[in-house]
Amino acid sequence: MGFPLEMVCEVIQEHGEENEDKLLEELLTYSVLKSAPKSPVKVEPNPCSSDCAVSSWDDLSDSDDTSSDYEETTKSVSVSDGKLLSLVKMGYKEEESLIAIERLGPKSSLEELVDFISAAQVVKAEDVLLPSEDQPRYVDNAKLKKLRYYEYEVLGRKKPRVCEKKILNNEDDENDYDEVLHLPNPMIGFGVPTKSIFITHRKLPKEAIGPPYFYYENVALAPKGVWQTMSRFLYDVEPEFVDSKYFCAAARKRGYIHNLPIENRFPLLPLPPRTIKESFPLTRKWWPSWDSRTQLNCLRTSICSVKITDTIRKNMEDYDGEPPQHVQKEILYQCRTFNLVWVGRNKVAPLEPDEVETLLGFPRNHTRGGGISRTDRYKSLGNSFQVDTVAYHLSVLKKIYPKGINLLSLFSGIGGAEVALHRLGIPLKTVVSVEKSEVNRNVVRSWWEQTNQKGNLIDMNDVKDVGVECLEQMMNSYGGIDLIIGGSPCNNLAGSNRVSRNGLEGKESSLFFDYFRILDLVKNIMTNN
DNA sequence: GTGAAAATGAATTCCGTG
DNA sequence: CACGGAATTCATTTTCAC
1 MGFPLEMVCE VIQEHGEENE DKLLEELLTY SVLKSAPKSP VKVEPNPCSS
51 DCAVSSWDDL SDSDDTSSDY EETTKSVSVS DGKLLSLVKM GYKEEESLIA
101 IERLGPKSSL EELVDFISAA QVVKAEDVLL PSEDQPRYVD NAKLKKLRYY
151 EYEVLGRKKP RVCEKKILNN EDDENDYDEV LHLPNPMIGF GVPTKSIFIT
201 HRKLPKEAIG PPYFYYENVA LAPKGVWQTM SRFLYDVEPE FVDSKYFCAA
251 ARKRGYIHNL PIENRFPLLP LPPRTIKESF PLTRKWWPSW DSRTQLNCLR
301 TSICSVKITD TIRKNMEDYD GEPPQHVQKE ILYQCRTFNL VWVGRNKVAP
351 LEPDEVETLL GFPRNHTRGG GISRTDRYKS LGNSFQVDTV AYHLSVLKKI
401 YPKGINLLSL FSGIGGAEVA LHRLGIPLKT VVSVEKSEVN RNVVRSWWEQ
451 TNQKGNLIDM NDVKDVGVEC LEQMMNSYGG IDLIIGGSPC NNLAGSNRVS
501 RNGLEGKESS LFFDYFRILD LVKNIMTNN
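All letters in the first sequence, in the order written, are residues 1 to 529 by full-length UniProt numbering.
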């Protein structure tokens, strides 16, 4: 077919030669990757190409976001209310939020409002020399940038020639404002163990460089503009989008914003099986030839009704051999949407909780026992990390911290991050784990004891309780924080939410701003010490 | 009260075709 | 490239059985 021999050998070695389609797919992907001059993820090949570390994402700030176009005066009041609520949730005082909204107008974006408020805080702090308790005690580069924004755009002070303006103009020319975020295809980020990509280095924006290291996660298929906003808050680091189907037999499309090195990553061993049949050998016997699935869709928080599996069984029994095409199509549709597997003659079923645990890289029975219901197991697992994927990204820390790390784990859930680090053989010195759900905290605590951890595990209930004093005390008594991991709630972003998919300003997903707040606090405390 | 089962679309991306 | 159909998606609420 015209593939180079060397490439074919490499792929066969990785995947065996039994499945021709699979081989072809791999080869095609391979050849695309090798020939493509442009990588799916943007990197800066060398510093001389641009004299600034600002990425192409940088232009969302200036008021032209889509929401402002269709807003009418009647609507703007409630929109403002929503923004006010969001700001208050983010920890700003109602009074200063109101002033910001009034000053910048109802059309202003949330980011502009935040910029305004924090800049105003800095100005106040400078004017008063002695900062009061409510004002930020730390001023970093990000704040200075916001200060400039405040002074120039709001106070109307005269503008010296600054780099930002020039960049802004250049980007205006390219008209990047409405550009939709490009998800890489294949979704392998900076590479996965089975498909290496030729990106070995990336240049981070200055403000993003650690310590501390941070690792933020959320669903890749969020509403438009969400990832741009999150990236902007997290120091303009470009997200790494990875589908866990390259690590296990189930898809899981996620974005990760982190400042970890990306060279010399290594995976957890053994590599998990990446097909349904290898993961569940017993299904081979019952799997119809016309069900062409080799991998599962995303593992979610609830399972399908018994009624559907029963209907499928009855439909199948109506026919001796293969059912007609339209019946096949209907059954396949159900199987795909509910992740059903063949467990008997004409019989499909959803996955058991322990099967989900295994697919996600957790020890079997990780979520079992301790008074946790089956429903809750599905819910917690559906909201969790895929451990192999996360571990691959975190593996670079092993060399950096051979003696172990101090971890601040926000929205810990059932402890995907902790399990990943443990499986990598990175000792956990002190782990501060913040998790709202009690059953999840119990799961992590139980795992901690089962695995005979030597360090300290500190539980916290609410990210709102994590403030300056708390962090300073923590860092003083335990010797700093090395890594801050968090996947903030996705439920207002996730596609399967039918009632409240209202984006980053949604009730739960707005907790992203607490991740940013806490990360920024830690950074400031560290640079000021 | 608890836990399981059942019912409830839309936003967005992907992909083949003209 | 534009277009339209197919595919995918870390969920929430109500109902039911005990």
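Just so you know, even glycine gets a beta-carbon here, dropped at the ideal spot from N, CA and C.
Asked, Found
"Just how far apart, CA to CA, sit residue 518 and residue 97?", "20 angstroms"
"Looking only at C-alpha atoms, which of 214, 341, 439, 283 sits nearest to residue 304?", "341"
"On the DSSP bridge list, what partners appear for residue 433?", "409, 459"
"Count Cβ pairs between the region 398–407 and the region 332–350 that sit closer than 8 angstroms; are there 3 or more?", "no"
"Taking residue 421 and residue 457 to be in contact with their CB atoms under 8 angstroms, please state how far apart those CB atoms are, rounded to whole angstroms.", "Contact flag wrong, Cβ pair sits at about 13 angstroms."
"Going by C-alpha distance, which of 430, 248, 192, 255 is nearest residue 182?", "255"
"May I have the straight-line CA-CA distance separating residue 35 from residue 192, to the nearest angstrom?", "Residue placement at residue 35 cannot be trusted, given a pLDDT of 36 that sits under 50; what the coordinates show is reported in the next sentence. If I take the Cα positions, the gap works out to 18 angstroms."
"Can you check which of these residues, 444, 330, 358, 416, is closest to residue 369 by C-alpha distance?", "444"
"Compare the C-alpha of residue 388 against each of 362, 449, 429 and name the closest.", "362"
"Pick from 234, 503, 82, 111: whose alpha carbon is nearest that of residue 209?", "234"
"Is the region 281–301 in contact with the region 410–417, if contact means three or more CB pairs nearer than 8 angstroms?", "no"
"Quick check on residue 222: does DSSP put it in helix, strand or coil?", "coil"
"Tell whether a beta-carbon distance below 8 angstroms holds between residue 84 and residue 495.", "no"
"Considering only their Cβ atoms, is the gap separating residue 381 from residue 367 smaller than 8 angstroms?", "yes"
"Can you give me the Cβ contacts of residue 4 inside the same chain, cut-off strictly under 6 angstroms, excluding the 5 residues immediately before and after it?", "Its pLDDT being 46, under 50, residue 4 is placed unreliably by the model, and nothing is read from it."
"Give the C-beta separation of residue 213 and residue 257 to the nearest angstrom, bearing in mind that I take them to be a contact with Cβ-Cβ under 8 angstroms.", "So it is not a contact: roughly 12 angstroms between Cβ atoms."
"Since residue 250 sits in a beta bridge, which residues does DSSP pair it with?", "296"
"Consult DSSP for residue 276 and reduce its assignment to one of helix, strand or coil.", "helix"
"Taking Cβ positions, are residue 514 and residue 439 nearer each other than 8 angstroms?", "no"
"To the nearest angstrom, report how far apart residue 199 and residue 271 are at their CA atoms.", "22 angstroms"
"At the level of alpha carbons, what is the spacing between residue 534 and residue 92?", "The question about residue 534 has no answer, for the chain in this structure spans 1 to 529."
"With DSSP collapsed to three states, give me the class of residue 30.", "Bear in mind that the predicted position of residue 30 carries a pLDDT of just 41, short of 50, making it unreliable; the figure below should be weighed with that in mind. Residue 30 falls in the helix class under three-state DSSP."
"Specify, as a first and last residue, the run of the alpha helix (DSSP H) that residue 447 falls within.", "438–450"
"Could you check the C-alpha separation between residue 152 and residue 112 for me, to the nearest Å?", "Its pLDDT being 34, under 50, residue 152 is placed unreliably by the model, and the measurement read from it follows with that caveat. If you take the alpha carbons of residue 152 and residue 112, they lie about 13 angstroms apart."
"Classify residue 499: buried if its beta carbon has 16 or more other beta carbons within 10 angstroms, exposed otherwise.", "exposed"
"Closest to residue 205 by CA distance: which of 237, 501, 478 is it?", "237"
"For residue 427, which residues of its own chain have a beta-carbon under 6 angstroms away from its beta-carbon, when the five flanking residues on both sides are left out?", "404"
"Count the other C-beta atoms from every protein chain shown that fall within 10 angstroms of the C-beta of residue 374, then say buried if there are 16 or more, exposed otherwise.", "exposed"
"Taking all protein chains shown into account, do 16 or more other C-beta atoms lie within 10 angstroms of the C-beta of residue 280, making it buried, or fewer, making it exposed?", "buried"
"How big is the Cα-Cα spacing for residue 337 and residue 295?", "13 angstroms"
"Decide if residue 364 is buried, meaning its Cβ has at least 16 other Cβ atoms within 10 Å, or exposed.", "exposed"
"Going by Cα to Cα distance, which pick from 325, 417, 248, 467 is closest to residue 298?", "248"
"Please report the residue range of the alpha helix (DSSP H) in which residue 307 lies.", "306–317"
"Out of curiosity, what's the CA-to-CA distance linking residue 489 and residue 323?", "42 angstroms"
"Pull up the distance between the alpha-carbon of residue 372 and that of residue 321, whole angstroms please.", "42 angstroms"
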